[in-house]
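Enquirer:
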Amino acid sequence: MVEYEMFYSNPTTKAKRSEIRELLKLTRKPEIISFAGGLPSPLSFPVKDIKEICQYVLEKDADVVLQYGPTEGDMSLKEELAKWMEKDNIRVSPEQILITNGSQQGLDLVGKIFLNQGDIIIVEMPTYIGGLQAFNSYMVRMEGVLQDDNGMNMDLLERKLGELKGRGEKPKFIYVVPDFQNPSGVTMPEDRRRKLLELASEYDTMIIEDSPYRELRYTGNQPPPIYSLDTEGRVVSMATFSKIFCPGFRLAWIYGPAPLIDKMVMAKQGIDLCSPSFNQAVAAEFMRRGLLSKHIEKIKEMYKEKRQLMLDSLEKYMPDSVSWTKPEGGLFLWVKLPEDMNTVELLKKAIENNVAYVIGSAFHYDGSGKNTMRLNFSFPSKEQIVEGIKRLSEVIKKEM
Ligand SMILES: Cc1ncc(COP(=O)(O)O)c(C=O)c1O
42 MVEYEMFYSN
52 PTTKAKRSEI
62 RELLKLTRKP
72 EIISFAGGLP
82 SPLSFPVKDI
92 KEICQYVLEK
102 DADVVLQYGP
112 TEGDMSLKEE
122 LAKWMEKDNI
132 RVSPEQILIT
142 NGSQQGLDLV
152 GKIFLNQGDI
162 IIVEMPTYIG
172 GLQAFNSYMV
182 RMEGVLQDDN
192 GMNMDLLERK
202 LGELKGRGEK
212 PKFIYVVPDF
222 QNPSGVTMPE
232 DRRRKLLELA
242 SEYDTMIIED
252 SPYRELRYTG
262 NQPPPIYSLD
272 TEGRVVSMAT
282 FSKIFCPGFR
292 LAWIYGPAPL
302 IDKMVMAKQG
312 IDLCSPSFNQ
322 AVAAEFMRRG
332 LLSKHIEKIK
342 EMYKEKRQLM
352 LDSLEKYMPD
362 SVSWTKPEGG
372 LFLWVKLPED
382 MNTVELLKKA
392 IENNVAYVIG
402 SAFHYDGSGK
412 NTMRLNFSFP
422 SKEQIVEGIK
432 RLSEVIKKEM
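Read in order, the letters of the sequence shown are residues 42 to 441 in our numbering.
1. In this structure, what does DSSP give as the bridge partners for Q96?
2. According to DSSP, F214 sits in a beta bridge with which residue or residues?
3. Nearest by alpha-carbon distance to I94: which of S75, E136, E326 is it?
4. For Y296 versus V277, is the C-beta spacing smaller than 9 Å?
5. Within 10 angstroms of its Cβ, does G203 collect 16 or more other Cβ (buried), or is it exposed?
6. When the Cα of E369 is compared with those of M351, E386, Q96, which residue comes out closest?
7. Roughly how many whole angstroms lie between the Cα atoms of Q146 and K431?
8. For ligand 1, which residues count as neighbours when the test is a C-beta closer than 6 Å to any heavy atom?
9. Among S75, I74, I426, T112, which one has its Cα closest to the Cα of A308?
10. Going by CA-CA distance only, name the one from G226, F221, L187, W294 that's closest to I215.
11. By the three-class DSSP mapping on this structure, what secondary structure does Y259 have?
12. Compare the C-alpha of F319 against each of R291, H336, L333 and name the closest.
13. Based on Cα-Cα distance, which residue from F418, G110, M305, S334 lies nearest to L156?
14. Would E250 and K284 be called neighbours here (beta carbons separated by less than 9 Å)?
15. Identify which residue in Q96, V323, L67, L148 has its Cα closest to the Cα of S252.
16. Does K201 pass the burial test, meaning 16 or more other C-beta atoms within 10 Å, or should it be called exposed?
17. Hey, how far is the Cα of G78 from the Cα of M414?
18. Helix, strand or coil for K115 per DSSP?
19. Counting C-beta neighbours from all protein chains within 10 Å, is the total for D245 16 or more, i.e. buried, or is it exposed?
20. Taking only the alpha-carbon atoms, compute the straight-line gap between D196 and R235 and give it to the nearest angstrom.
21. Between the Cα of P135 and the Cα atoms of K124, D129, K119, which residue gives the shortest distance?
22. Is it a yes or a no for the region 345-363 touching the region 391-405, going by three-plus beta-carbon pairs under 8 Å?
23. L150: which of G311, K389, K438, E440 sits nearest, CA to CA?
24. Assuming contact is defined by CB atoms lying nearer than 9 Å, are I140 and D102 in contact in what I supplied?
25. How many Å lie between M359 and A403 at the Cα?
26. Can you grab the Cα-Cα spacing for the pair E184 / E199, in whole Å?
27. On the three-pair Cβ rule with 8 Å, is the region 377-389 touching the region 331-342?
28. Let me check understanding here. Comparing Cα to Cα, which of Q263, G261, M279 lies closest to I248?
29. R132 to F176, Cα distance in whole Å?
Given below as structure tokens:
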């Protein structure tokens with residue numbers, strides 16, 4: 042027998058099978074109402090338009106769209122994206138954009154160009170699980186800064202940066218999901234974004250702005266992207282087609298200062314040569330026809346109603362000691378139970394009662410947040426939202 046353990050790299054030896062993935066397997070039974078996924082509703086996929094555009098690009102350009110493409114990404118798609126982002130006051134040239142296989146690859150590329158083993162990075166508490174996974178594979182040390190209803194708390198960040206400086210240490214970057222965060226649903230207002238930039242400048246570190254949900258705002262006003270406020274070249278940002286088109290295309294884009302994008306292009310070459318040419322051509326044509334903004338309006342209408350229904354159902358059924366965020370967009374909201382409750386224990390009972398969520402501790406780099414959970418409102422049907430929240434409330438009440 043070969044002893045495989047002897048051959049593994051350090052990150053692989055250290056990697057643990059995710060507890061949450063094991064738990065989530067239990068939630069796939071058909072009788073379960075699941076608020077656990079992070080999936081867009083399949084009813085939102087623009088199947089008819091995609092069918093027509095696939096045929097069109099094949100007839101027009103088969104020799105290009107079925108061929109390898111440049112690592113940087115298809116120029117016509119990048120031109121469309123540069124134009125698209127102007128509405129948010131983001132001014133980038135196509136050379137400052139790299140097309141990636143999902144933002145998940147963008148996170149890995151950020152890790153590849155910035156992180157050495159033992160480096161420090163700062164993350165929100167809670168933060169996106171996939172970010173934790175991507176950065177953990179570079180064997181970094183994480184420092185967490187708690188969120189409140191307005192995202193990462195800037196006083197706590199300032200204190201953390203001061204502490205690190207006192208120890209002679211400097212974080213490589215601060216990772217934030219500023220718009221309708223996954224998992225909490227909260228959004229960082231403009232003054233915090235400006236403060237974040239100020240602190241990054243004062244303590245000489247970078248900011249990674251990961252924003253898959255910015256386009257999905259159902260109420261209120263959108264603060265400017267952190268990238269658009271930066272005057273020093275300290276921000277690398279990413280956006281994705283996953284939640285505004287379809288995740289199966291695995292298409293996203295990362296943009297930032299040209300020298301950094303150039304390094305990421307080199308890193309991507311060694312990973313996959315290029316993102317799928319065909320998918321890029323279809324996405325570019327979808328944008329060229331002006332379909333993306335119309336499509337986003339449709340998705341927003343669909344999710345806006347579901348979000349309201351989940352908020353109303355929580356209000357109606359949950360006991361007083363339970364609280365939750367009221368996201369103005371995105372796909373998720375965040376529920377807090379009394380401090381002495383444990384959502385890992387509770388999940389088994391929830392599953393017995395045919396309802397599921399994601400445990401909050403999975404979104405904390407240090408496993409804290411035991412009394413929290415994430416709920417998704419984009420995937421379940423309206424009937425499931427009402428019935429599922431009713432069931433979940435019963436489980437919580439019984440446990441109290
Ligand atoms: C905050 C955040 N970043 C990145 C991703 C990855 O998205 P993609 O499908 O573009 O890889 C997600 C997906 O849910 C996310 O929530």
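Just so it is clear, CB atoms sit at the ideal spot from N, CA and C, and this is done for glycine as well.
Expert: In brief:
1. Beta-bridge annotation (DSSP): Q96 is not paired with any residue.
2. F214 is bridged to I162, M247.
3. Of S75, E136, E326, the smallest CA-CA separation from I94 is found for E326.
4. Note that the C-beta distance between Y296 and V277 is below 9 Å.
5. Sixteen is the threshold: since fewer than 16 other Cβ atoms of the shown chains lie within 10 Å of the Cβ of G203, the residue is exposed.
6. It is M351.
7. Rounded to whole angstroms, the gap between the alpha carbons of Q146 and K431 is 38 Å.
8. Near ligand 1, meaning a Cβ closer than 6 Å to any of its heavy atoms, lie the following residues in chain order: G79, G143, S144, Q145, Y169, G171, V218, N223, D251, P253, T281, S283, P288, A293.
9. The residue among S75, I74, I426, T112 with its C-alpha nearest the C-alpha of A308 is T112.
10. Of the candidates G226, F221, L187, W294, the one whose C-alpha sits nearest the C-alpha of I215 is L187.
11. Residue state, collapsed to three classes: coil.
12. Checked all of R291, H336, L333; the closest Cα to F319 is R291.
13. Measuring from the Cα of L156, the nearest candidate turns out to be M305.
14. It is not a contact, given that the beta carbons lie outside the stated cut-off.
15. For the options Q96, V323, L67, L148, the alpha carbon positioned closest to that of S252 is the one of L148.
16. With a threshold of 16 other beta carbon atoms within 10 Å, K201 meets it and is buried.
17. In this structure, the straight-line span from the alpha carbon of G78 to that of M414 is close to 12 Å.
18. Here residue 115 turns out to be Asp, not Lys, going by the sequence shown. Looking at D115 - three-state DSSP - the assignment turns out to be coil, as it is neither helix nor strand.
19. Its Cβ having fewer than 16 others within 10 Å, D245 is exposed.
20. Approximately 13 Å, taken between the alpha carbons.
21. The option with the nearest alpha carbon to P135 is K119.
22. Judged by pairs of C-beta atoms under 8 Å, the region 345-363 does not touch the region 391-405, as fewer than three such pairs exist.
23. Of the listed residues, the one whose Cα sits closest to L150 is G311.
24. Contact flag unset, no.
25. M359 and A403 have their C-alpha atoms some 23 Å from each other.
26. Distance between the alpha carbons of E184 and E199 is about 13 Å.
27. Not touching, per the Cβ criterion.
28. Its Cα nearest to that of I248, the residue M279 stands out among Q263, G261, M279.
29. Between R132 and F176, the C-alpha separation is close to 28 Å.
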